[in-house]
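Chains as they are written, first to last, in the working numbering: chain A, 1 to 417; chain B, 1001 to 1485; chain C, 2001 to 2091; chain D, 3001 to 3487.
Ideal placement from N, C-alpha and C gives every residue a C-beta, glycine not left out.
Take a look at the structure set out below.
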Amino acid sequence: MKNKYSIFSIIKNAFSYNENWQRAWRDPEPKKEYDAIIIGGGGHGLATAFYLAKKHNMTNIAVVEKGWIGGGNTGRNTTIIRSNYLWDASAGLYDHALKIWEGLSQELNYNVMFSQRGVMNLAHNLQDVRDLKRRTHANRLNGIDAVWLNTEEVKKFCPIINTSPDIRYPVLGGTLQRRAGTARHDAVAWGYARGADAMGVDIIQNCEVKGIKRNGDSVEGVETTKGFIKTKKIGVVAAGHSSVIANMVDLKLPLESKPLQALVSEPVKPIIDTVVMSNAVHAYVSQSDKGELVIGAGTDAYVSYTQRGSHDVVEGTLKAILELYPIFSRMKMLRQWGGIVDICPDASPIISKTHIKGLYFNCGWGTGGFKATPGSGDLFAHTIANDEPHKLNADFNINRFVSGDLVDEHGAAAVAH
Amino acid sequence: MGKTKPFLDFQNDSTANDIKLALREGFKSIEHVKRYTTTGMATDQGKLSNMHALGIIAETAGVKMGELGTTTFRPPYTPLTFGTIVGRNVGEFFDITRRTPIHDWHVENKAKFENVGQWKRAWYYPIDNENMHEAVQRESKAARDSAGILDASTLGKIDIQGSDASEFLNRVYTNAWSKLEIGKCRYGLMLNEDGMVYDDGVTTRLSENHYLMTTTTGGAANVLSKLEDYLQTEWPELDVYLTSVTDHYGTVSICGPNSKKILSKIIPDLDLSDKEFPHMSFKNALIDSIRCRVMRISFTGEHSYEINIQASYAKSVWEKCFEAGKEFNITPYGTETMHLLRAEKGFIIAGQDTDGTMTPVDLQMDWIISKKKYDFIGKRSLYRSDTIREDRKQLVGLITDDPKEILEEGAQIVAETNKQPVEMLGHVTSSYFSPNLNKSIALAVVKNGKKLKGQKMFVPMENKIINVTITDTVFLDKENKRLNA
Amino acid sequence: MFLINCPYCGERDQSEFSAGGEAHIVRPKQPTELSDDQWAEFLFMRKNIKGVQFERWNHAHGCRKWFNMVRDTSNDKIYAVYKMGEKPPTK
Amino acid sequence: MTRNLRTANSKFIDQTSRISFKFDGKKLYGFKGDTLASALLANNIHLVGRSFKYHRPRGIMACGSEEPNAIVQVGNDASMTEPNTRATEIELYEGLEASSQNCWPSVNFDIGAINNFFSPLIPAAFYYKTFMWPSNFWKLYEYFIRKSAGLGKSPTEPDKDIYDHRYLHCDVLIVGGGISGIIAAKIAAKNNLNTVLIDDKNILGGTTLFQENECFKVNNSYSNEWLKNEIENLKSLENLTIKTRTSLAAYHSYNYLLARENLTDHLDINEKKDKIRQRLWKIRAKKVIIATGAMERPLIFNNNDRPGVILSSSIKKYIDYYGVKCGQKVSLFTNNDSAYETAISLNNSGVNVNSVVDIRDKANSLIVKQAEKLGIKIHWKSSVVNTSGYKKINSIEIMKLSDDGTTVFGKKIKEECDCLGISGGWTPRVHLFTQSGGKLKFRDEDNVFLPDKSGLDQISIGSCNGDFELDQIIKNSVRLTKKIFKN
């Protein structure tokens, strides 16, 4: 059994100079066969494994990761968590996730530092106001806390925003979800990995999937750099590389993979105590517990797997930041990076079975997958275990692109795709 | 190592012991160690610490340093001020501001402006201490009772020429264009390939192979790009040339029962009779020897003209119209009044009453879909299993039981009030108090709305529930009598 | 930030261009005869290749011409550009 | 206390033009040519900041962009203050006001230092293991964590300064104006190529500029004299543009680079007004030559972070370039030859060098022999195992190293000192190369990563390419530069 982390274990280990901490997870070699294999050791993949083991008693499973766990978009995002989505289907999905977030540190016995400091979305023109009010009303009726703030209330909630009526696109108001906030992204992957490992899940790093073996319409296993592993169920959660895996079985997905950039400033003392997003002026910002301003930039419009976007995107984002926060002009960009996000035409994800038996896809989260991590894992685990979607992810099937029953959330993303 | 403090990352205070702790806990990859201990993540980005961190990892794991690999060095090399990255693109240079050629007149006449895309549009013109509501009530009443004048210069304008121009329009709009007579105007809906309404506007046939298309203000650039894309990549065989002329012309729109009299004062030699110059037609004309195009088209339901004139003359023509209209109490009105007037007539605004999920059928505009045309952009998508569903959300009118109660745009509509969770059937897209009808009116999209006319519905607000009734989308002058008044 | 060789204008900075996705997806000539599945294939399904991809670009802030490009999406190396209607290079 | 820590012999400091500035509210003086760091050291101020987590006293440790400790807040004005600025990169100007960060009430007496006593309770990543109970208390815990995090303070009013962008197209961009960059610039410009040479310092020359020792000669001249002459010759080259105070920020694909030029940061406070403060150069270069040099590595031992523990090469720069003594009784700890250069420079300036602690068995290079000849004491095969002194180092403990170098044994030798120079070898600055997408290779002999494969038209030359010996640097810089122009 694992040592439980507690204030006492901290002290005990302090006396032994922290030399007795147990491994957070094992480092096993792959077995010959598993009941299910999750491709992708990011937050969503590890959460899927965790809930397969915890809720569906599937413990003879493995997560295979081509690099190190949490090294993809889990470790590259701006950590924003919110559930103020417009459509019922999305609201159901993201609020399910938010509710899990609220008890996640306790559930995992690992502090993921979920900080409900609120997320505010700003309106800069009359159509923004209509759209955001529409969302606020829909949220309220869906049981999601959301309130409309007028310009003065926006200013009061976040005093450093430039709310002058004389700027190019003045702030006309905004919506606030107080239960929303941020979490420590790496800790989410590590916490789920530790939890899944404790229940017997094999987490196999540095193990790249090279092919998927099929027998007719069913999957039989995966070819990896560590050899062939037999399984009847494969859950693909390889954000950024979903199409690469899909192409292994000649499956085309409605996805394009594009570089999404983010940056942080040097750390400073607390100056902004919430998350502020602006769609029209195209920027979002929060401050990490370390003091860095965490700023999300946009996606480039071309397909790229390089994890590097163009400088124009960063420049455009900081332009918007200085428009809304002119006090940040002398702040310095410390680090910028890119991740690869796969984007669906309707800006909503896919959590779905496919026409190939035993093959499941969880992808297309675009710029906003981190917030859904626990919910996505839970619902994907349900879908894999039962070979049927949970009612909360039924609308996020692949078939919607054929029928036309899309979940168009373009208005919900801070940055238009 | 005991109780020692051999520092590795001096700024973030991580020690060699911290690295070993991370390794013991199973964080083996250099990236994991870095993130777990924050080594190398301070403002010097590990310039001094990274190599030692690697060394300790290699030593502890018993591998060669070269096999571990480095972490990625990301830009910038040293921290860079946001100010430098942004340069001069701050304040007034944050984004360009587009102003119409008549802008100065609006400023002189105390207009309040709204941002529409990059444009500054006159929103309303308060007199004395009027608030927006009061100004809009006055403006819209004046436009219906006598005459109103609107700066419509921001509408996108695309000049379309070539021997295949008609065929081109056939393919991009849902309705048919080949038979449109020269000198006539027609309203068109443009869809995305997914069948959803994308943009709309009136297009005029100037001559056999020459059209002038108008688009929404916000959609102009995207529509042009989209049309160029189809022309160059899908239909290169078509002989069509597109030119954006939005900035070349100013557009003065005068409407109201006295608009004809005003126009006749300005262009006395133009025959304005309904026979010679009927609704949805166009004439070339001269104003003080300046050539202009006059369209008799209407977005308000009133008898109305749009004068398109070279941008540099637009302000003088506007002033001329204003002078000529003074005896009729011509009243300048802004976008807010324009929105109100069109809502009274049930005319949609693409982007306000549509949101990328509405088909023409959903808008109850089935009439605009040509049954004869073999294909047009988006046609196939209209016949998918979800788009042919009868109970999709459809555009309807709403009136409040209390005629004084103005609904909030964006408010949700439900059929029941005591159920939890409650099913949202739709939302209010446009809402105004109509001075001409003396009651509150609204447009909304409601699930299965087409069949629910006359049904009672509820709009639950935070602190109250508003009772409403679903109606037809046209609130005023259903017979279109005013167009020829 | 790529340097793109517009087939009409020559080398220009990436910021002058906009990307238009996968190339050589021909709009069906008879959409009405396609099944919902076939139409969805045209509308939404993409190869989204990691590696050498044929794609469309537009010199939006230049000649406004569309053209095709062969680019390796795994390292952003551009191998060729060619005009609309021209055959893609085979090598 | 006014101890004279200035030597009279710096060629780079104008001791006739005195500059007044304030640090933590105290008025101090320095000279034109100083950095804030060199001026503080000249005033015998070592303690300039507190560390992030344990609030331990920290001093100036380096002399350039790698400085981890001496991070200060510049200016008090709500709109013009700048947090997290490296004292080692701030050129001293009249009216400069700087203050320590991350300490309260002052850098000398910092309440937060209590964390240092609790440090066994807060190992790396301790956050993840605690603060979970009771579950709704995280908000409260976090409040205190946030308060204690962060270094400097953000401005609270809009910036009044102007910033600018410009484009630059060239045949060759050379990054780094040290000896390699200068060699490359000459070859490029003489090849009739439109050449741009940038360097982040205010003058060209790198470290060779103050390398005055008979061990380092080029064409029978001292290397610094030779280089000075070469720099002089560059001025007559028509195709060459030189940009100093220009730091390369980012190297993107397709040889697209961003560089920041500082235009007013070094000017007196009343001369800055209405001028463009910084300019971002957006550069497209046909070829890029990276000549960014190398950084000295610290050494890892117990309490290696005390004020007064300074990179050995930085001590050398402070004495030879700025004419500033980092201490009066200096010990050095090294695993390579470069600390001996520092020892000799200090010795020549009349600073008492206690000893050089060298983990190696022996070394026979010219420079080591020179040091031995000067009578500098060397502890061979030994290691510094600990230091004392809270706000400034006052002694070190030295022990013998075992044969395999993994343990220490014997008697602890205590050596009093007021400064310890450390030298753990050199790290090539390969940052720009990797930013551009280049792949690195590892050299086992001296544990360095070196540029390997790149998809772009670029080369790395000099010590950023792993050449650390003068003759190697010159020979390979010439060879590689000529080679890139043949392509």
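>> Suppose contacts are defined by Cβ-Cβ distances below 7 Å. Is Y1432 (chain B) in contact with A1343 (chain B) by that definition?
In response: yes
>> Quick check: V171 (chain A) and V154 (chain A), are their CB atoms within less than 7 Å of each other?
In response: yes
>> Between A1143 (chain B) and G1250 (chain B), how many whole angstroms is the CB-CB distance? I'm expecting something under 8 Å.
In response: A1143 (chain B) to G1250 (chain B), Cβ: 20 Å. No contact.
> What is the C-beta distance between V64 (chain A) and V222 (chain A), in whole angstroms, given that I count them as a contact (C-beta under 8 Å)?
Replying inline: 7 Å
> Which value, in whole angstroms, describes the spacing of the CA atoms of G3049 (chain D) and W25 (chain A)?
Replying inline: 38 Å
> Is M3295 (chain D) closer than 7 Å to K1047 (chain B) when the C-beta atoms are compared?
Replying inline: yes
> Straight-line CA distance for V276 (chain A) to R3260 (chain D)?
Replying inline: 29 Å
> Counting only runs that start and end within the region 3241-3306 of chain D, where is the beta strand (DSSP E) found for 3 or more residues in a row?
Replying inline: 3246-3252, 3256-3262, 3276-3290 and 3294-3296
> In chain order, what residues of the same chain have a beta carbon less than 8 Å from the beta carbon of A1111 (chain B), not counting five sequence neighbours either side?
Replying inline: A1122, W1123, Y1124, Y1125, P1332 and G1334
> Going along chain D in order, which residues have a C-beta closer than 7 Å to the C-beta of D300 (chain A)?
Replying inline: Those within 7 Å of D300 (chain A) in chain D number zero; the least Cβ separation is about 12 Å.
>> Please report the distance separating the alpha-carbon of I144 (chain A) from that of D95 (chain A).
In response: 7 Å
> In chain D, which residues lie less than 9 Å from R2075 (chain C) when you measure between Cβ atoms?
Replying inline: Looking at the sequence itself, residue 2075 (chain C) is Asn, so the reference to Arg does not match. Ordered by position in chain D, the residues that pass the 9 Å Cβ test against N2075 (chain C) are S3253, G3437 and G3455.
> Just to confirm, are L176 (chain A) and L141 (chain A) a CB contact at a threshold of 7 Å?
Replying inline: no
>> Under 8 Å, with one C-beta from each stretch per pair, do the region 3419-3431 of chain D and the region 3232-3239 of chain D reach the 3-pair mark?
In response: no
> Helix, strand or coil: how does DSSP classify A1411 (chain B) here?
Replying inline: coil
> Going straight from the alpha carbon of S3345 (chain D) to that of G3308 (chain D), what length do you get?
Replying inline: 18 Å
> For N139 (chain A), does the count of other Cβ atoms within 10 angstroms reach 16, so buried, or fall short, so exposed?
Replying inline: buried
> Along the region 1372-1405 of chain B, what residues have a CB closer than 8 Å to any CB found in chain C?
Replying inline: Y1374, D1375, K1379, R1380, S1381, Y1383, R1384 and S1385
> Which residues bound the alpha helix (DSSP H) around S3106 (chain D)?
Replying inline: Unbroken run through S3106 (chain D): none, as it is neither H nor E.
>> Quick check: is the beta carbon of Q3211 (chain D) nearer than 7 Å to any beta carbon in chain B?
In response: no
> In three-state DSSP terms, what is I7 (chain A)?
Replying inline: Its pLDDT being 43, under 50, I7 (chain A) is placed unreliably in this model, and the coordinates cannot settle the point.
> Is there at least one Cβ from chain A nearer than 7 Å to M3295 (chain D)'s Cβ?
Replying inline: no
> With L1155 (chain B) and I1377 (chain B) assumed to form a contact (beta carbons below 8 Å), what rounded beta-carbon distance in angstroms separates them?
Replying inline: At roughly 21 Å, the Cβ-Cβ gap does not stay under 8 Å, so L1155 (chain B) and I1377 (chain B) are not in contact.
> What is the DSSP secondary structure of W2066 (chain C), reduced to helix, strand or coil?
Replying inline: strand
> Relative to the C-alpha of E256 (chain A), which residue among A:V264, A:A246 and A:L263 is closest?
Replying inline: A:A246
> Using 7 Å as the limit for Cβ to Cβ distance, is Q116 (chain A) near chain B?
Replying inline: no
> Closer than 7 Å, CB to CB, is F3144 (chain D) near chain B or not?
Replying inline: no
> Going straight from the alpha carbon of Q3328 (chain D) to that of G3095 (chain D), what length do you get?
Replying inline: 29 Å
> Does DSSP classify Y3054 (chain D) as helix, strand or coil?
Replying inline: coil
> I think N3297 (chain D) touches H1052 (chain B), with their Cβ atoms under 8 Å apart; what is that distance to the nearest whole Å?
Replying inline: The sequence shown places Arg at residue 3297 (chain D), rather than the Asn named in the question. R3297 (chain D) to H1052 (chain B), Cβ: 7 Å. Contact.
> What's the gap between the Cα of T1039 (chain B) and the Cα of A3125 (chain D)?
Replying inline: 11 Å
> Nearest to G2092 (chain C) by alpha carbon, out of C:K2050, C:R2056, C:L2003 and C:K2077?
Replying inline: The displayed coordinates of chain C run from 2001 to 2091. Any statement about residue 2092 (chain C) would go beyond what the structure contains.
> Under a three-way DSSP split, which group does N1192 (chain B) fall into?
Replying inline: coil
> Enumerated in chain order, which unbroken segments of the beta strand (DSSP E) with a length of 3 residues or greater are wholly contained in the region 1080-1151 of chain B?
Replying inline: 1112-1116, 1119-1124 and 1148-1151
>> Please classify M1056 (chain B) as buried or exposed, where buried requires at least 16 neighbouring CB atoms within 10 angstroms.
In response: Here residue 1056 (chain B) is Ile; the residue named in the question, Met, does not match the sequence. It is buried - the Cβ of I1056 (chain B) has at least 16 other Cβ atoms within 10 Å.
>> Counting only C-beta atoms, is N3044 (chain D) closer than 7 Å to chain B at any point?
In response: no
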